[in-house]
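For reference, the structure discussed in these notes is given below.
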Amino acid sequence: MKWRWILVLYFGWLNTQLYGVTVLLDPGHGGSDTGAKMFYSYVDKHGRKRNLHVLEKDLSLIFAKKIQERLKKQGVMVHLSRSYDHEISLDARAELAQKLKADLFISIHMNASTNRTSRGFETFYLDNHNDVAIKKVEDIENVGLTGDQLIIKQIMTDLIVERTVKASKLLAQSVHGSIKKKTNKSFHIKDRGIKPGLFYVLALAKRPGILLEVSFLSNPKELKKVLTAEFQEAYAKAVAEGVISYLRN
Numbered sequence: 003m004k005w006r007w008i009l010v011l012y013f014g015w016l017n018t019q020l021y022g023v024t025v026l027l028d029p030g031h032g033g034s035d036t037g038a039k040m041f042y043s044y045v046d047k048h049g050r051k052r053n054l055h056v057l058e059k060d061l062s063l064i065f066a067k068k069i070q071e072r073l074k075k076q077g078v079m080v081h082l083s084r085s086y087d088h089e090i091s092l093d094a095r096a097e098l099a100q101k102l103k104a105d106l107f108i109s110i111h112m113n114a115s116t117n118r119t120s121r122g123f124e125t126f127y128l129d130n131h132n133d134v135a136i137k138k139v140e141d142i143e144n145v146g147l148t149g150d151q152l153i154i155k156q157i158m159t160d161l162i163v164e165r166t167v168k169a170s171k172l173l174a175q176s177v178h179g180s181i182k183k184k185t186n187k188s189f190h191i192k193d194r195g196i197k198p199g200l201f202y203v204l205a206l207a208k209r210p211g212i213l214l215e216v217s218f219l220s221n222p223k224e225l226k227k228v229l230t231a232e233f234q235e236a237y238a239k240a241v242a243e244g245v246i247s248y249l250r251n
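This note's numbering puts the first residue of the sequence shown at 3, with every later residue one more than the last.
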């Protein structure tokens, strides 16, 4: 009986550590900016063929809401940069993080490639690099910025990287490790690793942050998994557990 009370008090103390913590979840794209888009064909329970138009903006919001629900249960204050389908600029997303005084910023995206065999999940944190493959991802997620804006944001990024890179990398390691544990074996989603990237939405947020690429919508097998409630719940649980682990350490 004594040990039971000790455990109750201990886990109660762990949860009090999370009160007052604010996380901003950022579902990628929105409105006319659909992000990646794919057609998914399937046969329903009545044997009829159906065609589903899958948009990255919709899936990123679904995953964000599920992660939000998981984190809230742990006592974390969680906000969404958008809670419905509308367009929001990279600047506005970052400004919201500052307005809320968010402790962490997590941007959620779906990957896509002209190569339908490309697969896997990956996690990015803000840092400089010279990787050509990563630059291709940056070009997609930084879309909408003009040449002048890119120059200004590049200068700002260099300054912000110095302040946030260590914490962002630790957050990336915690969340990515949790995702790998929950989805790599159960759903056979390839681990593409943790990578540095110059994503301006992370830089302008001016706080520890990561960008998640959940899976490749362009890969038919992965698209089928991503659309299931089982995978969505497992991924959301993994991200939430990774965030909680980071906050407690």
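Even glycine gets a Cβ: it sits at the ideal position worked out from N, Cα and C. Note that the structure is predicted; figures quoted are calculated from it, not measured.
Nearest-angstrom Cα distance between residue i and residue j?
i    : j    : result
E243 : V216 : 16 Å
L82  : E89  : 13 Å
K103 : V25  : 9 Å
I69  : L63  : 10 Å
A99  : I110 : 15 Å
L219 : F123 : 11 Å
A94  : K223 : 35 Å
G33  : E71  : 23 Å
K208 : A96  : 8 Å
R165 : K47  : 53 Å
V241 : L229 : 17 Å
Y42  : L61  : 13 Å
S199 : V167 : Note on residue identity: the sequence assigns Gly, not Ser, to residue 199. For G199 and V167, the distance between alpha carbons rounds to 11 Å.
K171 : K227 : 28 Å
R250 : N130 : 27 Å
S180 : G49  : 38 Å
Measure the Cβ-Cβ separation of residue i and residue j and say whether it is below 8 Å.
i    : j    : result
P210 : A169 : yes
G37  : L54  : no
L128 : L204 : yes
A231 : K184 : no
L206 : I108 : no
N221 : T116 : no
So, at 7 Å on beta carbons, what are the nonlocal neighbours of residue i in its own chain, with the 5 sequence-adjacent residues on each side left out?
i    : result
K74  : V80
Q175 : I196
K101 : none
Between the options, which lies nearest to residue i when the distance is taken from Cα to Cα?
i    : options                  : result
R84  : G30, H48, T166 and L128  : G30
R121 : N113, P198 and Y44       : N113
K39  : N251, K59, G22 and L20   : K59
Q234 : I191, G199 and N251      : I191
L225 : D35, F201, K171 and F189 : F189
G22  : Y86, V78 and S180        : V78
Report all residues from its chain with a CB closer than 6 Å to the CB of residue i; omit the five preceding and five following residues, and keep chain order.
i    : result
N186 : D193
Y44  : R52
K182 : D193
L173 : P210, I212 and Y248
Q76  : L20 and I246
H178 : T125 and I196
D35  : E89
Which residues in the same chain have their Cβ closer than 8 Å to the Cβ of residue i, if we skip the five residues on either side of it in sequence?
i   : result
A66 : L27, D28, P29, L82 and I110
D87 : G32, G33, K59, D60 and L63
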